[in-house]
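Trainee: Below are the structure tokens for one structure; questions will follow.
Numbering (the numbering used here), first residue to last: 78 to 141.
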């Protein structure tokens, strides 16, 4: 799960792309730039949000 869900700069929803981007780019087989192109994330600010995001939900709340 990506928090925040929206881009800070333009307000577009970027959280819906996080799971697929994270899976595909962390495998190492695909370039993160190519994954973002295929997902349709065109704006620089949104791309920056996805590339620089660190998922801390599991660290902050280890008990579910």
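Glycine included, each C-beta is placed from N, C-alpha and C at the ideal position.
Considering only their Cβ atoms, is the gap separating residue 127 from residue 85 smaller than 9 Å?
Mentor: Sequence index remark: in the chain shown, residue 85 carries index 8 (1-based). Sequence index remark: in the chain shown, residue 127 carries index 50 (1-based). Cβ distance not < 9 Å, so residue 85 and residue 127 don't count as in contact.
Trainee: Classify residue 120 as helix, strand or coil using the three-state DSSP reduction.
Mentor: Position 43 of the chain shown, counting from 1, holds the residue named residue 120. Residue state, collapsed to three classes: coil.
Trainee: Measure the C-alpha to C-alpha separation of residue 121 and residue 87 and round it to an integer number of angstroms.
Mentor: As a working note, residue 121 is residue 44 in the chain shown. As a working note, residue 87 is residue 10 in the chain shown. The C-alpha of residue 121 lies about 10 Å from the C-alpha of residue 87.
Trainee: In this structure, what does DSSP give as the bridge partners for residue 83?
Mentor: Counted from its first residue, the chain shown places residue 83 at position 6. Note: residue 83 sits in a beta bridge opposite 90.
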